[in-house]
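Numbering (UniProt numbering), first residue to last: 1 to 341.
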Amino acid sequence: MNIDEFRNNFNLLDFVREHLEGHQPFSMSLDDFLVTFHDVGIIEFKPNHESQQYLALSAGVHGNETAPMEIVSDMVHDLLNDKLKLSCHLLVMIGHPKAMLKEQRFVDFNLNRMFSGEWKKYWQQRDEICEVERAKRLEQAVSDFFAQSCANDTRTHYDLHTAIRASKYEKFAIYPYLDNREHNPAQLNVMQDLGVNTVLLYHKPSTVFSYHSSHNFKADSITVELGKVKPFGENNREDFAEAEKTLRQLVESTYSYDHTSRYKTNGQKLFKVKRELLRVSDDSHLNVDDALPNFTSFEKGFELLSDPEEPYIVENDGEAIVFPNNKVPIGQRMALVVEEV
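Next comes the structure, spelled out in structure tokens:
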């Protein structure tokens, strides 16, 4: 197959399915850029002109979250066929090919709990837990990509998801803990243009992919929940139109950043974490169903967590819950209590 046939017929998701165990790296030099297929689901586009923009897009870190994978797959096809212009350095990653093939959230272990080197704790179990080597490979891909940038270049990583749980606000983002840095108003504005009008400002380091990029490479890196999980082929792409339009503008560098402007609220809701609710004993129990939608709020006085030693009573009207889960081991998080900023 010649290059033109390859480009015309290329479908990223089909290519990933056909090369599930990996492939040797190969590159193609096209008119406007060099494209390198580093590994299964890891593709880098390097423009032939100078650019100070480095953009990483990951999708499918959970294999059943199909819409973001369809979006980036179409973008790759259009880049290869001159239907989308490349004006930045771009890294595209399909996070978990094996889970994608099965349309499962993960195979052996939640991949989005494996980053920031967390995979090293499981290295001796890498033959039993397939996510271990994949986390290492994705970290290396991000490291190699951002290592090409200079101090004044813009580094951005959006980890694109859809949610398995209902949410009071269907589209929301999790802005990772920033250590000693400040939140970037321009990125909150980008979230609005992606159609995301709710942002949770996280409160501590974590092992998710977006925190890895943020912490290690000082990237503007955010986990973006774009809607609900659906099988391949059943997503209504109109539901993702704002997100797809903005992502394409970022790739083309036609997106209008205004770094001097203040944060444009436009009704966007910002939440901060007030408290983590941990399972401290076998008697710890959330008085809500695990299927309760994220950002459900409560009135003051409601006993959200029952426990003989460390119960939690809602202290103020409007406190809300995200990620409730009664089925966690002792010592792990059962939920986050959040409040609007």
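For glycine and all other residues, C-beta sits at the position ideal for the given N, C-alpha and C.
On a predicted model such as this, the values are computed, not experimentally measured, just so you know.
First through last residue of the beta strand (DSSP E) which encompasses residue i
i	result
residue 126	Taken as a continuous stretch (DSSP letters only), residue 126 belongs to no beta strand (DSSP E), as it is neither H nor E.
residue 59	53-59
residue 27	26-29
residue 158	154-163
residue 175	172-175
residue 43	42-47
Candidates the options: closest to residue i by CA position
i	options	result
residue 172	147, 199, 150, 179	199
residue 285	9, 141, 22, 329	329
residue 253	308, 22, 52	52
residue 136	208, 180, 24, 170	208
residue 157	163, 175, 150	175
residue 295	332, 305, 339, 314	339
residue 96	66, 25, 311	66
residue 70	204, 12, 292, 288	12
residue 230	105, 303, 83	105
residue 307	168, 280, 318, 147	280
residue 39	255, 139, 3	139
residue 14	326, 245, 196, 232	232
residue 161	228, 43, 85	228
residue 77	274, 289, 43	43
Separation of residue j from residue i, as counted between CA atoms
i	j	result
residue 100	residue 72	14 Å
residue 297	residue 242	27 Å
residue 249	residue 192	14 Å
residue 112	residue 182	24 Å
residue 177	residue 133	25 Å
residue 194	residue 322	21 Å
residue 57	residue 301	42 Å
residue 299	residue 189	31 Å
residue 35	residue 8	15 Å
residue 341	residue 234	36 Å
residue 120	residue 332	20 Å
residue 54	residue 68	19 Å
residue 204	residue 110	19 Å
residue 41	residue 23	10 Å
For residue i, the first and last residue of its enclosing alpha helix (DSSP H)
i	result
residue 188	185-193
residue 20	Element bounds for residue 20: n/a, residue is neither H nor E.
residue 251	241-252
residue 76	66-80
residue 5	3-9
residue 98	97-102
residue 217	209-217
Pair within 8 Å by beta-carbon distance, residue i and residue j
i	j	result
residue 116	residue 215	yes
residue 217	residue 146	yes
residue 168	residue 293	yes
residue 102	residue 20	no
residue 86	residue 80	no
Touching by the beta-carbon criterion (3+ pairs, under 8 Å), the stretch 49-65 and the stretch 24-31: no
Segment contact flag, the stretch 40-58 with the stretch 78-92, C-beta cutoff 8 Å, min 3 pairs: Cβ pair count under 8 Å is three or more, so yes.
The stretch 266-274 / the stretch 217-228 touching (three or more Cβ pairs under 8 Å): At 8 Å Cβ cutoff, the stretches do not touch.
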